[in-house]
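Q:
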DNA sequence: TTTTATTTGCGACAGATGTCGCAGGTGGTA
DNA sequence: TACCACCTGCGACATCTGTCGCAAATAAAA
């Protein structure tokens with residue numbers, strides 16, 4: 001079975017939000033190499049996002065509030081580590097995409113992820129599992145009536 | 149060849165934005181049956197989004213400003229029609245998803261859309277074309293340096 | 001220990017989105 | 001023609017995001 005916990009499925013009431021585009025960029029870096037300081041993260045992101053250092057830090061700060069990353073004060077500087085697991089997060093995006101954009105109910109065929117620069121063969125196997133779980137969970141989920 | 153114009157590719161400076169989640173919901177309805185009045189749209193959306201009538205109209209209004217829909221004053225009531233073409237829009241979402249989330253450069257395999265409740269076999273063929281174009285366009289596109 | 005280079009926390013601001021409510025028309029009906 | 005139901009334009013407000021800048025704290029260097 002999968003070594004990951006399917007972070008997204010739980011928590012129906014709080015509607016666990018997905019990371020935004022820039023947040024995902026940061027998470028990707030962290031999944032590659034962990035932990036990293038704000039400065040390190042920034043230096044990599046700069047080329048891609050063209051941000052000022054402050055923007056990077058603010059984003060990190062907000063990600064902390066949302067529980068996407070954990071801060072570790074190491075001496076005087078903080079370093080960050082992802083608290084969101086890679087594969088469940090990615091699977092969540094995939095499922096949401098399939099469902100919301102294309103109205104595909106069953107799990108997506110993992111074949112489509114073969115060319116991804118992000119996932120290894122081993123991870124693809126996990127992804128398959130996760131996608132299946134998510135698809136199943138979705139079918140049993142009652143229609144959200146949006147009551148506050 | 150595809151009967152659609154690839155609305156998204158053009159327009160590099162203005163960065164043609166994609167519709168948001170609720171906006172897409174509205175577009176989907178319009179692609180199914182066109183034109184529709186605000187009230188008609190609302191009655192269908194209500195169950196899914198749990199919105200008030202005003203919210204629906206405001207969203208429609210903003211979609212008009214963005215050029216996603218066109219308004220037609222018919223007597224005293226307005227009806228709306230989508231100005232965004234279905235397949236190019238969907239293809240845009242797919243490509244963006246592949247690229248931004250999974251870092252897949254080539255075009256997505258169309259097989260994955262087979263189970264979509266949204267696209268017919270004929271449309272899948274078009275989708276394939278569009279995805280290929282988008283993937284190609286992406287490769288030649290220079291890195292965005294974010295200069296204002 | 002005084003200075004200098006970095007950090008960090010936090011406040012700010014503009015723009016996009018979700019979500020309403022109100023006031024002023026218009027058409028049909030009594 | 002006076003009234004009622006429904007429509008439209010438009011202003012408002014709370015959030016979330018993207019993006020900074022500043023001042024206080026800390027570590028490293030002189």
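Residue numbers (the numbering used here), protein chains in the order written: chain X, 1 to 148; chain D, 149 to 296.
Beta carbons are placed, not taken as given, at the ideal position from N, Cα and C, and that holds for glycine.
Remember, it's a predicted structure, so these values are computed and weren't measured experimentally.
With 16 other CB atoms within 10 Å as the buried threshold, where does residue 180 (chain D) fall?
A: exposed
Q: Taking 8 Å as the cut-off, decide whether the C-beta atoms of residue 236 (chain D) and residue 189 (chain D) are in contact.
A: no
Q: Could you name the residues of the same chain whose beta carbon sits closer than 8 Å to that of residue 216 (chain D), not counting the 5 residues immediately before and after it, in chain order?
A: 167, 171, 175, 230, 231 and 232
Q: Around the C-beta of residue 13 (chain X), are 16 or more other C-beta atoms found within 10 angstroms, so that it is buried, or is it exposed?
A: At residue 13 (chain X), the pLDDT of 34 sits below 50, so the modelled position is not reliable and the matter cannot be decided from this model.
Q: For residue 39 (chain X), which residues in chain D fall below 7 Å Cβ to Cβ?
A: What residue 39 (chain X) touches in chain D: nothing, since even the nearest Cβ is about 20 Å away.
Q: So, at 6 Å on beta carbons, what are the nonlocal neighbours of residue 154 (chain X) in its own chain, with the 5 sequence-adjacent residues on each side left out?
A: Nothing can be reported for residue 154 (chain X): it is not among the residues displayed for chain X, which extend from 1 to 148.
Q: In terms of residue numbering, what span does the alpha helix (DSSP H) encompassing residue 268 (chain D) cover?
A: Careful: residue 268 (chain D) lies outside any alpha helix (DSSP H) and carries neither H nor E.
Q: Nearest chain X C-beta to residue 167 (chain D) closer than 8 Å, yes or no?
A: no
Q: Quick one, are the C-beta atoms of residue 80 (chain X) and residue 36 (chain X) less than 8 Å apart?
A: yes
Q: Give the straight-line distance between the Cα atoms of residue 92 (chain X) and residue 29 (chain X), rounded to the nearest whole angstrom.
A: 18 Å
Q: Report the option in X:102, X:86, X:99 and X:105 whose CA atom is closest to the CA atom of residue 249 (chain D).
A: X:86
Q: Hey, residue 70 (chain X) and residue 57 (chain X) are a contact pair by Cβ (cut 8 Å); roughly how many whole angstroms apart?
A: 15 Å between Cβ atoms; not a contact.
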